[in-house]
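Trainee: Structure below; questions to follow.
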Amino acid sequence: QVRPVESGGGLVQAGGSLRLSCAASVSAFIINDMGWYRQPPGKQRELVAVITSGGSTNYADSVKGRFTISRDDAKNTVYLQMNSLRPEDTAVYYCNVNLRWGNGNYWGQGTQVTVSS
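Throughout the sequence shown, residue numbering follows this note's numbering, covering 6 to 122 in sequence.
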């Protein structure tokens, strides 16, 4: 079973930076898209950024220019570099791994990011 495992969350002051990591327990050969989503308190889960197997990226408007998604297929890992953090970025951040050929879509357990003003 695929079990994405996130790390790197924490508490940071506004303007600071954090880097999230997510390792997938499956060969990169079978991984299609990898992405990050977040769920702010009292709100629905929303897309933050996604990266395809070919390296194309897509970002939510609210994070463009501040966040960068990347992946290392040798390590089956996706990263989210978050700079210029704002209090409104406070949320539980979830990693998503989408597999090729109908082999499923998997979520990590989530990691808390809290940005203080």
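The beta-carbon is built from N, C-alpha and C at its ideal position, and this holds for glycine as well.
Could you tell me the boundaries of the beta strand (DSSP E) in which residue 97 lies?
Mentor: 96-104
Trainee: Which whole-angstrom value describes the C-beta separation of residue 53 and residue 85, a residue pair presumed to lie in contact below a C-beta threshold of 8 angstroms?
Mentor: 7 angstroms
Trainee: Do you know offhand how far residue 68's Cα is from residue 106's?
Mentor: Cα to Cα, the separation comes out at about 30 angstroms.
Trainee: How many angstroms separate the CA atom of residue 116 from the CA atom of residue 18?
Mentor: 17 angstroms
Trainee: According to DSSP, is residue 66 part of a helix, a strand, or is it coil?
Mentor: helix
Trainee: Would you grab the beta carbon distance between residue 56 and residue 104 for me? Rounded to a whole angstrom, and I think it's under 8 angstroms.
Mentor: Actually they are not in contact, since the Cβ atoms of residue 56 and residue 104 sit about 15 angstroms apart, beyond 8 angstroms.
Trainee: Mark residue 2 as exposed unless 16 or more other C-beta atoms lie within 10 angstroms of its C-beta, in which case mark it buried.
Mentor: The question about residue 2 has no answer, for the chain in this structure spans 6 to 122.
Trainee: Can you list, in chain order, the residues of its chain whose CB lies under 8 angstroms from that of residue 76, leaving out five sequence neighbours each side?
Mentor: 39, 56, 60, 82, 83, 84
Trainee: Nearest-angstrom Cα distance between residue 95 and residue 119?
Mentor: 5 angstroms
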